[in-house]
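**Q** Numbering (this note's numbering), first residue to last: -9 to 144.
Okay, here's the structure, questions in a sec.
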């Protein structure tokens, strides 16, 4: 019986649930370095439209992007709840993602996640690796590498 419990614990992942518009999205907590309040973002000329600029985070320069613009949604509207999620990704470095609100941390097992098929590469859903079911709520889970990929032109 104990082995069953240990196996199920290994098959779970923690996600930080954020709101973007009226939808909920999840970031794998393993990629999260920090969550910071909105601050002054310095624009960078000739950057992609979805890159808002850079911030100085305790002496480190971090590029900040709008996940809304990356997914071809309406532009960001900042509020007191707006945050910048700082992602640290091996081989790609550090990047900040603007979100409307950070809600909670949830733990999802493999049975709670329905994987997304990547049939249409031009579809904005390619940013989503799966859909998590947490109680009565659905959480779209980000594919971190697709979110920070700069190869497509928007």
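Built from N, CA and C at the ideal position, the CB exists for glycine as well.
Report back the beta-carbon spacing between residue 6 and residue 92 to the nearest angstrom; my notes put them in contact at under 8 Å.
**A** 6 Å
**Q** Count the CB pairs spanning the stretch 117 to 127 and the stretch 71 to 91 that are closer than 8 Å, and state whether there are at least three.
**A** no
**Q** Does the distance from the CB of residue 68 to the CB of residue 55 come in under 7 Å?
**A** For residue 68 and residue 55, no; Cβs fall outside 7 Å.
**Q** Which first and last residues belong to the beta strand (DSSP E) in which residue 63 is found?
**A** Run containing residue 63: none; DSSP gives neither H nor E here.
**Q** What are the uninterrupted segments assigned as beta strand (DSSP E) that are 3 or more residues long and contained completely in the stretch 80 to 108, given in chain order?
**A** 83 to 89, 91 to 99, 103 to 105
**Q** Could you give the uninterrupted runs of the alpha helix (DSSP H) lying entirely in the stretch -7 to 60, keeping only those of 4 residues or more?
**A** 57 to 60
**Q** For residue 34, I'd like the list of residues in its chain whose CB is within less than 7 Å of its CB, leaving aside the five on either flank, ordered along the chain.
**A** 41, 43, 44
**Q** Nearest to residue 135 by alpha carbon, out of 83, 128, 95, 100?
**A** 83
**Q** Going by alpha carbons, who is nearest to residue 32 out of 65, 53, 79, 23?
**A** 53
**Q** Let me know the secondary structure DSSP gives residue 68 once reduced to three states.
**A** coil
**Q** Would you tell me roughly how many angstroms separate the C-alpha atoms of residue 59 and residue 50, rounded to the nearest one?
**A** 24 Å
**Q** What span of residues does the beta strand (DSSP E) with residue 120 cover, start to end?
**A** 118 to 124
**Q** Would the beta-carbon of residue 105 fall within 7 Å of that of residue 86?
**A** No; because the gap between Cβ atoms is not below 7 Å, this pair is not in contact.
**Q** Ignore the nearest five residues each way along the sequence and tell me which others in residue 78's own chain have a CB closer than 7 Å to its CB.
**A** 21, 23, 84
**Q** How would you call residue 139, buried or exposed, if buried means at least 16 neighbouring beta carbons within 10 angstroms?
**A** exposed
**Q** Does the distance from the C-beta atom of residue 15 to that of residue 26 stay below 7 Å?
**A** no
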